[in-house]
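Asker: Residue numbers (the working numbering): 9 to 313.
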Amino acid sequence: MSEPLNPTPETPGPAPETPGSAPDSAPGPGLDAAPDPSGAEAATDAEADAAARRAASFERQRRLRQEPRFPGGPAADPAGSHHERRIRSFQPRRSRVTAGQEDALQRLWPKWGLDIDGRGVLDLPTLFDGLPVVLEIGFGMGEATAQMAAEDPDTGILAVDVHTPGQGNLLGLADRAGVSNVRVANGDAIILLREMLEPAALHGLRVYFPDPWPKKRHHKRRLIQTEFLDLVAQRLKPGALVHCATDWEPYAEQMLEVLSAHPLFENTQADGGYAPRPAFRPLTRFEGQGLDKGHVVHDVLFTRR
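1) Taking the runs of the alpha helix (DSSP H) that are 4 residues or longer, which of them lie wholly in the segment 238-289?
2) Beta carbon of L113, beta carbon of L179: below 9 angstroms?
3) How about the segment 212-219 and the segment 236-251: do they share at least three Cβ pairs that are nearer than 8 angstroms?
4) Locate the alpha helix (DSSP H) running through R184, then write down its first and last residues.
5) In the structure shown, what three-state DSSP assignment does H227 receive?
6) Rounded to a whole number of angstroms, what is the C-alpha to C-alpha distance between G108 and G176?
7) Pick from F310, Q297 and K223: whose alpha carbon is nearest that of P271?
8) Tell me the DSSP bridge mates of V168?
9) Hey, is the segment 144-164 in contact with the segment 78-86, meaning 3+ C-beta pairs nearer than 8 angstroms?
10) Which term fits L132, buried or exposed, when burial requires 16 or more other beta carbons within 10 angstroms of its beta carbon?
11) Label P35 either buried or exposed according to how many other C-beta atoms from any shown protein chain fall within 10 Å of its C-beta, with 16 as the threshold for buried.
12) Cα separation between R243 and F78?
13) Would you mind working out which of G150, P207, K228 and L205 sits nearest R184, comparing C-alpha positions?
14) Assign T311 to one of three DSSP states: helix, strand, or coil.
15) Is L122 helix, strand or coil by DSSP?
16) Could you tell me the alpha carbon to alpha carbon distance between Q233 and V266, rounded to whole angstroms?
17) Output yes or no for whether 9 angstroms exceeds the beta carbon distance between A283 and V308.
18) Under a Cβ-count criterion, where at least 16 other Cβ atoms within 10 Å of its own Cβ denotes burial, should R225 be classed as buried or exposed?
19) Specify whether the segment 162-174 and the segment 52-60 touch according to this definition: at least 3 beta carbon pairs, one from each stretch, less than 8 angstroms apart.
20) With a threshold of 6 angstroms on Cβ separation, who are the neighbours of L122 within its own chain once the five nearest residues in sequence on each side are excluded?
21) According to DSSP, is R202 helix, strand or coil?
22) Can you say whether P12 is buried or exposed, counting buried as having 16 or more other CB atoms within 10 angstroms of its CB?
23) Excluding five sequence neighbours on each side, which residues of the same chain lie with their C-beta closer than 6 angstroms to the C-beta of F273?
24) Does DSSP put L213 in a helix, in a strand, or in coil?
25) Rounding to the nearest angstrom, what Cα-Cα distance links R115 and D137 in this structure?
26) For chain B, is any of its Cβ atoms less than 9 angstroms away from the one on E151?
27) CB-CB under 7 angstroms to D162, same chain, minus the five flanking residues each way: which ones, in chain order?
28) Assuming M204 and L143 make a contact with CB atoms under 8 angstroms, what is their CB distance in whole Å?
29) Could you give the distance in angstroms between the alpha-carbon of D279 and the alpha-carbon of P286?
30) DSSP has H306 in a bridge; who is on the other side?
31) So V141 and L166 are supposed to be a Cβ contact under 8 angstroms. How far apart are they, rounded?
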């Protein structure tokens, strides 16, 4: 979130009168007294001034939300208002960016970063030098993504997130590892899938530890839903792998249920259940913390028919 703005200082009111002194504007003999400015009229003016200050503060905060934190880096709201409002499966967070992450954003975003603005279709073969491309939605701080990219240089990873520190961290990790098969996309993955990718453009989809939205009233915000899979199916090549992982068991059950029910996806497991963690998915720090707390991690692997 943007930094809170300082409130506009209150305009000083009239200086208090000295007891026993005559007011400067006292009416002369025989003249009608002037309206008292400290009465209802002054109260109305004060309310108008307060409303104007609130409006100005709101407008300043709106502009700050729309301005990039780093000129030349990821945009604050890349799709802007030209796409419809809808329920989001993610909650943007603005936390502190370290000096190293800021340096990576400024140096590497023009080379490896892109904003999801919904205004043009990506040329993935050119963007990834002809490599097959896997879409990863939500990469956190990017450690697992950078490791997978280094261990499989023949696969391009289009990694999507809205968390600025994570974007900078992933760019820095990729740079230090000497890998060039990662591109970092900033914004809403739904807009990317719907507006910016060709049909059958992707060789795979990875969704690792998405927000589980545990409260029942928030289940509509979960990413893995039938409507999402309908869209994904249009962008995946036949045989492409869909790989989800979560440590929230009720969400794992939902993932397995909706993928199993979808006619365009097939479970890689003969028994129709969960899959063992494949060797190419690293054990992340977040996952290790969950395991230490007794959480059970489930991997769900399906192929596009």
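Even glycine gets a Cβ: it sits at the ideal position worked out from N, Cα and C. The model shown is predicted, which means the values in this text are computed figures rather than measured ones.
Answerer: In this structure, then:
1) 257-269
2) Sequence index remark: in the sequence shown, residue 113 carries index 105 (1-based). Sequence index remark: in the sequence shown, residue 179 carries index 171 (1-based). Against a cut-off of 9 angstroms, the Cβ pair of L179 and L113 comes out as a contact.
3) yes
4) For the purposes of this step, residue 184 is taken as residue 176 along the sequence shown, with counting starting at 1. Where R184 is concerned, the enclosing alpha helix (DSSP H) stretches over T172 to A185.
5) Counting from 1 along the sequence shown, the entry for residue 227 is found at position 219. Residue state, collapsed to three classes: helix.
6) As a first step, residue 108 must be located in the sequence shown, where it is residue number 100. As a first step, residue 176 must be located in the sequence shown, where it is residue number 168. If you take the alpha carbons of G108 and G176, they lie about 8 angstroms apart.
7) Here the question's residue 271 lines up with position 263 in the sequence shown. Considering only alpha carbons, the answer is F310.
8) Numbered from its first residue, the sequence shown carries residue 168 at position 160. Per DSSP, I145 and A193.
9) no
10) For the purposes of this step, residue 132 is taken as residue 124 along the sequence shown, with counting starting at 1. The residue is buried, with at least 16 neighbouring Cβ atoms inside 10 Å.
11) Start at 1 with the first residue of the sequence shown, and residue 35 comes out as number 27. Reliability fails at P35, whose pLDDT of 45 lies under 50, so the model's placement of it is uncertain and the value that follows must be treated cautiously. P35 should be labelled exposed.
12) Within the sequence shown, the letter at position 235 stands for residue 243. Within the sequence shown, the letter at position 70 stands for residue 78. When rounded, the distance between both Cα atoms is 32 angstroms.
13) By 1-based counting over the sequence shown, the position of residue 184 is 176. Minimum Cα distance to R184 is reached at G150.
14) Within the sequence shown, residue 311 is the residue found at index 303, counting from 1. Of the three classes helix, strand and coil, the one that applies to T311 here is strand, per DSSP.
15) For the purposes of this step, residue 122 is identified with residue 114 of the sequence shown, where counting begins at 1. Strand at L122.
16) Counted from its first residue, the sequence shown places residue 233 at position 225. Counted from its first residue, the sequence shown places residue 266 at position 258. Cα to Cα, Q233 sits roughly 7 angstroms from V266.
17) Indexing the sequence shown from 1 puts residue 283 at position 275. Indexing the sequence shown from 1 puts residue 308 at position 300. Contact: yes.
18) As a first step, residue 225 is located in the sequence shown; it is residue number 217 there, counting from the start. Exposed: under 16 other Cβ atoms inside 10 Å.
19) no
20) By 1-based counting over the sequence shown, the position of residue 122 is 114. Only A193 meet the Cβ criterion.
21) Translated into positions along the sequence shown, residue 202 becomes position 194. Looking at R202 - three-state DSSP - the assignment turns out to be helix.
22) Counted from its first residue, the sequence shown places residue 12 at position 4. Bear in mind that a pLDDT of 41 at P12, under 50, signals an unreliable position, so the number given afterwards is only what the model happens to contain. Result: exposed.
23) Here residue 273 refers to the residue found at position 265 when the sequence shown is read from its first residue. Within the same chain, F273 has close Cβ partners L267 and F310.
24) One-based indexing of the sequence shown puts residue 213 at position 205. Correct three-state label for L213: strand.
25) Stepping through the sequence shown from its first residue, residue 115 is reached at position 107. Stepping through the sequence shown from its first residue, residue 137 is reached at position 129. Those two C-alpha atoms are separated by around 21 angstroms.
26) No chain B is present in this structure, which holds just one protein chain.
27) In the sequence shown, counting from the first residue as 1, residue 162 sits at position 154. Cβ neighbours of D162 beyond the five flanking positions: L139.
28) Position 196 of the sequence shown, counted from the start, is the residue given in the question as residue 204. Position 135 of the sequence shown, counted from the start, is the residue given in the question as residue 143. Not quite, the Cβ-Cβ distance comes to about 11 angstroms (not below 8 angstroms), so this is no contact.
29) Along the sequence shown, read from residue 1 onward, the residue named residue 279 stands at position 271. Along the sequence shown, read from residue 1 onward, the residue named residue 286 stands at position 278. One C-alpha to the other measures close to 17 angstroms.
30) Taking the sequence shown and counting its residues from 1, the one referred to as residue 306 is at position 298. DSSP, once it has assigned bridges, lists T254 as partnering H306.
31) Looking up residue 141 in the sequence shown gives position 133. Looking up residue 166 in the sequence shown gives position 158. Sure, about 6 angstroms apart at Cβ, within 8 angstroms.
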